[in-house]
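Student: The structure follows.
Protein chains in written order, with our numbering: chain A, 27 to 135; chain B, 268 to 382.
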């Protein structure tokens, strides 16, 4: 069964802190997606990874294929980063996402 | 930048009434998804289209929900009759749907409140 597990479920940080959110996935998932959802808002795609590392501004996403593990890092966190971060796995051929449970991040000023 | 459009953004309806949501995917995207997201939970796939054909509607409550994508472009999701438990965010997403290109792009969602 394809599964995606995410931790932590909730995270509170002070402005400026370095933040890490983790995601583990099972065999059969060929790409890992990091998504962001602000309260009451739609979902924004941050990264799609099948290997290596990607960076966009203060966000960095890494994936370790052997360990089936991905991390999302936020450097110099800011209150506007407060949102739910969701990792989702996709399987080649079905075009479906398998969603993790989400991490609710709150960054305090 | 191309976006997925949804309307309405908000809808309040009384239980037992009919309600419909519309989605216009990114031009050229073959795959379209409707999700339901209850507050505090992750998205749940209701239906997936490939062009005008339904690929997966296994989680769609077919006694009250229907979805169509007649010309393989825009799509409508209907609920009739609405129940209190249908209050949720309804998200539409689209994807190129071609081999190796399956990143999904989400619309802003329609927040439904059933009273």
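Where is the CB? At the ideal position from N, CA and C, for every residue including glycine.
Quick caveat, the model's predicted, so the values are computed rather than measured.
Alpha carbon to alpha carbon, how far is residue 314 of chain B from residue 359 of chain B? Give it in angstroms, no decimals.
Tutor: Each residue's alpha carbon lies about 10 Å from the other.
Student: With H, G and I counted as helix, E and B as strand and the rest as coil, what does DSSP make of residue 327 of chain B?
Tutor: Correct three-state label for residue 327 of chain B: coil.
Student: Whose C-beta lies closer than 6 Å to the C-beta of residue 36 of chain A among residues of the same chain, with five residues either side of it excluded?
Tutor: Cβ neighbours of residue 36 of chain A beyond the five flanking positions: 130.
Student: Residue 125 of chain A touches chain B at which residues, Cβ-Cβ below 8 Å?
Tutor: Going along chain B in sequence order, the residues near residue 125 of chain A (Cβ under 8 Å) are 309 and 310.
Student: Could you check what DSSP says for residue 215 of chain B in three-state terms: helix, strand or coil?
Tutor: This structure cannot speak to residue 215 of chain B, because chain B is shown only from 268 to 382.
Student: Buried or exposed: residue 70 of chain A, going by 16 or more other Cβ atoms within 10 Å of its Cβ?
Tutor: Exposed, by the Cβ-count rule.
Student: List the residues of chain B whose Cβ lies closer than 8 Å to the Cβ of residue 122 of chain A, in chain order.
Tutor: By Cβ distance, chain B contributes 312, 315 and 323.
Student: Return yes when the Cβ of residue 278 of chain B is within less than 7 Å of the Cβ of residue 349 of chain B, no when it is not.
Tutor: Cβ atoms of residue 349 of chain B and residue 278 of chain B: not closer than 7 Å.
Student: Please report whether the beta-carbon of residue 116 of chain A lies at a distance below 7 Å from any beta-carbon of chain B.
Tutor: Judged by the 7 Å Cβ criterion, residue 116 of chain A is in contact with chain B.
Student: Look at residue 132 of chain A and residue 46 of chain A and say whether their C-beta atoms are less than 7 Å apart.
Tutor: In this structure, residue 46 of chain A does not lie closer than 7 Å to residue 132 of chain A by Cβ.
Student: Give the DSSP bridge partners of residue 42 of chain A, in chain order.
Tutor: Residue 42 of chain A is not bridged to any residue.
Student: Can you tell me the Cα-Cα spacing of residue 380 of chain B and residue 345 of chain B, whole angstroms?
Tutor: Straight-line Cα distance between these residues: approximately 14 Å.
Student: Check whether chain B comes within 7 Å of residue 83 of chain A, counting only Cβ atoms and requiring the distance to be less than that.
Tutor: With 7 Å as the cut-off, residue 83 of chain A does not count as an interface residue toward chain B.
Student: Could you tell me which residues DSSP puts in a beta bridge with residue 315 of chain B?
Tutor: Answer by DSSP bridge pairing, in chain order: B/300 and B/323.
Student: Anyone know if the C-beta pair for residue 115 of chain A and residue 32 of chain A falls short of 7 Å?
Tutor: Not in contact: residue 115 of chain A and residue 32 of chain A (Cβ atoms no closer than 7 Å).
Student: Classify residue 326 of chain B: buried if its beta carbon has 16 or more other beta carbons within 10 angstroms, exposed otherwise.
Tutor: Exposed: under 16 other Cβ atoms inside 10 Å.
Student: Which residues in the same chain as residue 58 of chain A place their Cβ atom closer than 7 Å to its Cβ, once the five residues preceding and following it in sequence are excluded?
Tutor: Excluding positions up to five away in sequence, the list reads 49, 51, 75, 89, 96, 113 and 115.
Student: What does residue 372 of chain B pair with, by DSSP beta-bridge criteria?
Tutor: Residue 372 of chain B pairs with B/361.
Student: Any idea what DSSP makes of residue 344 of chain B, helix, strand or coil?
Tutor: The answer is strand: DSSP assigns residue 344 of chain B an E or B state.
Student: Can you list, in chain order, the residues of the stretch 339 to 367 of chain B whose Cβ is nearer than 7 Å to any Cβ on chain A?
Tutor: Those would be 358, 362 and 364, in chain order.
Student: List, in order along the chain, the chain B residues whose C-beta lies closer than 7 Å to that of residue 69 of chain A?
Tutor: The answer, in chain order, is 358 and 373.
Student: Give me the Cα-Cα distance between residue 63 of chain A and residue 110 of chain A, rounded to the nearest whole angstrom.
Tutor: C-alpha separation (whole angstroms): 5 Å.
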